[in-house]
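Just so you know, the working numbering puts 163 at position 163 of the sequence shown, and the rest follows in order with no gaps. Just so it is clear, CB atoms sit at the ideal spot from N, CA and C, and this is done for glycine as well. Here is the structure we will look at, set down as structure tokens.
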Amino acid sequence: MNKAKIILVKNAEEIGGRAADIFADTMRKKPNCILGLATGSTPLPLYRELIARYRRGEMDFSGVHTVNLDEYLGLAPEDSQSYSHFMKTNLFDFVNIKKENILLLNGLAENVEKECRHYENTIEEWGGIDLQLIGIGHNGHIGFNEPSKEFIVETHLIKLAQDTRKMNSRLFNSESEVPRAAMTMGCGNIFAAKKILLLATGRNKSEILERALFGTVTPRVPASILQLHPDVTVIADADTGEKLKRHMLPN
Ligand code: F6R
1 MNKAKIILVK
11 NAEEIGGRAA
21 DIFADTMRKK
31 PNCILGLATG
41 STPLPLYREL
51 IARYRRGEMD
61 FSGVHTVNLD
71 EYLGLAPEDS
81 QSYSHFMKTN
91 LFDFVNIKKE
101 NILLLNGLAE
111 NVEKECRHYE
121 NTIEEWGGID
131 LQLIGIGHNG
141 HIGFNEPSKE
151 FIVETHLIKL
161 AQDTRKMNSR
171 LFNSESEVPR
181 AAMTMGCGNI
191 FAAKKILLLA
201 TGRNKSEILE
211 RALFGTVTPR
221 VPASILQLHP
231 DVTVIADADT
241 GEKLKRHMLP
251 N
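Put into structure tokens, the structure is as follows:
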């Protein structure tokens, strides 16, 4: 039986609200917490809700530090397709987070290995991630840890899987524009977070979500490593979570 706390809600907006409650709780308990953030479509309702609560004076980001899961290789932080730009335009520009408290991978780093080590060392100096937000790829990836023969522990350079590039091409003019590589926190970095919050939306992810949470733990489904973490909360909409119901005990 998976130890994760699984919450099924009506829709993506409700996921945003429930996830924001978890962020608020973490920030209330530890105003100088380290938040691990994700990009993509899934966290957008959460970021909208965090901004709304900040505007209502319900949340304060002044002591918070943030780190992100990943970044495309070769894209400048100002590039509109970069994850730095995504975070700026979907969250950072609208809350009182201090610039010096934001850690992002630089897609233009000259020395990628050095950039990855600097990234991990900074996270460690800051005291480690308190709450790591993640989404799940259609192939079971977390961050950009693509299915492979082994779980890669550290922050590293990765060649993106063909299906990931195809899936992410919806945000580019064409598939050929999607970078072929990225830097990503490793499964070990994600696993080291004190608490992990996995959000999942869209019926086409229901099968991979079930395999990740209840199938064999294998690097072929990187998200399956979450089964071994002591504090994972999964929030999915009813469609995506449909296949999870048969594994869940009735309330
Ligand atoms: C994003 C990330 C990816 C996404 C995943 C799901 O920083 O690391 O693992 O979380 O690809 O993406 P969406 O939410 O767009 O379906």
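Among all the DSSP beta bridges, which residues are the ones paired with residue i?
i	result
G36	V67 and Q132
K159	A181
V234	I6 and L198
N145	I142
I51	According to DSSP, I51 bridges with nothing at all.
I102	T66
Y72	A182
Taking 8 Å as the limit between beta carbons, can you name the residues of its chain near residue i, skipping five residues before and five after?
i	result
T26	C33, L35, D130, L131 and K195
G188	F151, I152, V153 and E154
A192	G128 and I129
R18	I7, V9 and I235
E175	R165, K166 and S169
R117	T155
Output needed for residue i: all residues of its chain with C-beta closer than 7 Å, excluding positions within five of it in sequence on either side, in chain order.
i	result
E13	P45
R48	G16
E113	none
R79	This sequence places Asp at residue 79; Arg is not what is there. For D79, where only same-chain residues beyond five positions count, the Cβ hits under 7 Å are H85.
P43	L133, G135 and L199
L50	A20, F23, M59, L91 and V95
W126	I34 and H65
When you measure from the CB of residue i to every non-hydrogen atom of ligand 1, does any distance come out below 7 Å?
i	result
A161	no
G16	no
D239	no
I142	yes
L75	no
G135	yes
A38	yes
T42	yes
D79	no
Y119	no
D70	yes
Y47	no
Y83	yes
Does the separation of the CB atoms of residue i and residue j fall below 8 Å?
i	j	result
A182	F214	no
N121	H65	no
L197	A236	no
L249	A4	no
S148	K98	no
T39	Y83	yes
I158	E177	no
A238	K10	yes
G202	T240	yes
L37	P179	no
Q81	L160	no
So residue i packs on residue j, CB below 8 Å; how close in whole Å?
i	j	result
L103	V67	4 Å
N204	T164	About 14 Å separates the two Cβ atoms, so there is no contact after all.
I136	A200	5 Å
N2	H229	At roughly 10 Å, the Cβ-Cβ gap does not stay under 8 Å, so N2 and H229 are not in contact.
Once you ignore the five residues that flank residue i on each side, which residues in its own chain have a CB closer than 6 Å to its CB?
i	result
V221	G140, R211 and A212
P31	G63
E71	Y83, L105, G107 and M183
S206	T240, E242 and K243
I123	V67
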